[in-house]
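Asker:
Residue numbers (UniProt numbering): 1 to 270.
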C-alpha cells in the first residue's frame with residue numbers, strides 16, 4: 001500500500017500528465033500505469049487504478065470538447081459497444097497473462113502510438129460515393145465536417161483495441177485516434193474530441209472486469225482522480241486552441257521513452 005507522501009507525489013505528477021495527454025484526446029494510461037508500477041503497485045492493480053483515472057479525465061475533458069462541438073455522439077454510440085465488450089474481456093482475463101508479457105505488449109502499443117504521433121497523419125480529403133451507399137457505412141456531418149466510416153473495417157479493430165486497453169489499463173486513444181483518422185476518414189478534430197468520450201467508456205468496462213477479480217483500490221483511485229479531473233480541464237481547454245500537428249511529435253518522443261522504460265521493467269521484474 002502506498003504512503004500518503006507517495007500519493008502526494010503521484011497527485012502532482014498526474015495533474016501534469018492529464019494536462020498534456022488530454023490536449024491530444026488521450027486518457028493518460030500510457031503514463032499512469034508505468035508511474036504506478038514505479039511506486040511498487042502490481043501490474044493489474046495499477047491497470048485498474050489507471051482506468052479510474054482515465055474515467056475522471058475523460059468526464060472532465062468531455063465537458064470542454066462538447067462545448068466546442070468536437071464530439072460526435074453517434075460515432076461513439078455505434079463504435080463503443082464492441083470496444084466495450086473487448087475491454088471487459090481484457091480486464092476480466094488479465095490475470096491469465098504473465099506480467100512480463102503484458103508489459104512488453106504495453107511497450108509495443110506505446111511505440112505504435114508514438115509512430116502515429118511523429119509521422120504526420122494525412123486526413124482524408126475526398127469522399128467515396130460508392131462506399132457511402134452501403135449499409136455498413138456511417139455517414140456523418142458535424143461541426144462543419146463531413147465524413148463516412150466503414151464499420152466492417154473499424155469495428156473488428158475496435159474490439160481488439162478494447163481488449164488490449166482493458167487488459168493493460170489504458171483507454172485505447174493511442175490507437176483509436178489514428179484508426180479513426182486513417183481508416184475511417186474522421187477529421188482529426190472530431191477524432192480527438194470523440195476519443196475523449198470513448199476512452200472513458202472503454203476504461204469503465206475494463207475496470208468492471210478488473211474489479212471482479214479483485215484489482216481495484218478505491219482509496220488510491222479516488223484521491224488521484226481529483227488530480228486527473230482538474231488536469232484534464234486545463235488540458236482540454238488547451239486542446240481546443242493548440243495546433244496538434246505541430247506539438248504531437250514531441251508527445252511521440254515521450255511515448256518512445258516510456259516504451260523503453262517498460263521494456264526495462266519487464267525484463268527486470270518479469
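Just so you know, even glycine gets a beta-carbon here, dropped at the ideal spot from N, CA and C.
Suppose you measure from the CA of residue 130 to the CA of residue 139; what does that come to, to the nearest Å?
Answerer: With a pLDDT of 43 at residue 130, under the threshold of 50, the predicted position of this residue should be treated as unreliable, though the coordinate-derived value follows. One C-alpha to the other measures close to 12 angstroms.
Asker: What's the C-alpha gap between residue 166 and residue 146?
Answerer: Cα to Cα, residue 166 sits roughly 31 angstroms from residue 146.
Asker: Taking the beta strand (DSSP E) that residue 141 belongs to, which residues open and close that run?
Answerer: Run containing residue 141: 137-142, per the beta strand (DSSP E) assignment.
Asker: According to DSSP, is residue 116 helix, strand or coil?
Answerer: Residue 116 falls in the helix class under three-state DSSP.
Asker: When the Cα of residue 94 is compared with those of 108, 45, 12, which residue comes out closest?
Answerer: 45
Asker: State the Cα-Cα distance for the pair residue 43 and residue 75, rounded to the nearest angstrom.
Answerer: 32 angstroms
Asker: Where DSSP assigns a beta bridge to residue 149, which residues make up the other side?
Answerer: 138
Asker: Go ahead and label residue 203 buried or exposed: buried means 16 or more other beta carbons lie within 10 angstroms of its beta carbon, across all protein chains shown.
Answerer: buried
Asker: Count the other C-beta atoms from every protein chain shown that fall within 10 angstroms of the C-beta of residue 3, then say buried if there are 16 or more, exposed otherwise.
Answerer: exposed
Asker: Do the region 249-266 and the region 79-89 make contact, defined as three or more Cβ pairs closer than 8 angstroms?
Answerer: Segments in contact, no.
Asker: Which complete alpha helix (DSSP H) runs does the region 22-110 hold, if anything under 4 residues is left out?
Answerer: 29-38, 43-67, 73-92
Asker: Reducing DSSP to helix, strand and coil, say where residue 163 ends up.
Answerer: helix
Asker: When you compare only the Cα positions, how much space is there between residue 227 and residue 157?
Answerer: Residue 227 and residue 157 have their alpha carbons spaced roughly 32 angstroms apart.
Asker: Which of the three DSSP states, helix, strand or coil, is assigned to residue 183?
Answerer: coil
Asker: Could you name the residues of the same chain whose beta carbon sits closer than 7 angstroms to that of residue 13, not counting the 5 residues immediately before and after it, in chain order?
Answerer: 35
Asker: How close, in whole Å, do the beta carbons of residue 110 and residue 258 come, if the pair is a contact with beta carbons under 8 angstroms?
Answerer: Going by Cβ atoms, the distance from residue 110 to residue 258 rounds to 6 angstroms, so yes, they are a contact pair.
Asker: Where does the unbroken alpha helix (DSSP H) through residue 210 begin, and where does it stop?
Answerer: 188-212
Asker: Against chain D, with Cβ distances strictly below 9 angstroms, would residue 42 count as a contact?
Answerer: Among the chains in the structure shown there is no chain D, since it carries only a single protein chain.
Asker: In terms of residue numbering, what span does the alpha helix (DSSP H) encompassing residue 171 cover?
Answerer: Element bounds for residue 171: n/a, residue is neither H nor E.
Asker: Taking the alpha carbon of residue 91 as the point to measure from, which residue in 220, 268, 221, 209 has its own alpha carbon closest?
Answerer: 209
Asker: Could you spell out the range, first to last residue, of the alpha helix (DSSP H) harbouring residue 3?
Answerer: Taken as a continuous stretch (DSSP letters only), residue 3 belongs to no alpha helix (DSSP H), as it is neither H nor E.
Asker: Can you give me the C-alpha to C-alpha distance between residue 177 and residue 85, rounded to a whole angstrom?
Answerer: Linking residue 177 to residue 85 through their CA atoms gives a straight-line distance of about 19 angstroms.
Asker: Can you have a look at residue 229 and say buried or exposed, based on whether 16 or more other CB atoms are within 10 angstroms of its CB?
Answerer: buried
Asker: Whole angstroms are fine: how far does the CA of residue 9 sit from the CA of residue 116?
Answerer: 31 angstroms
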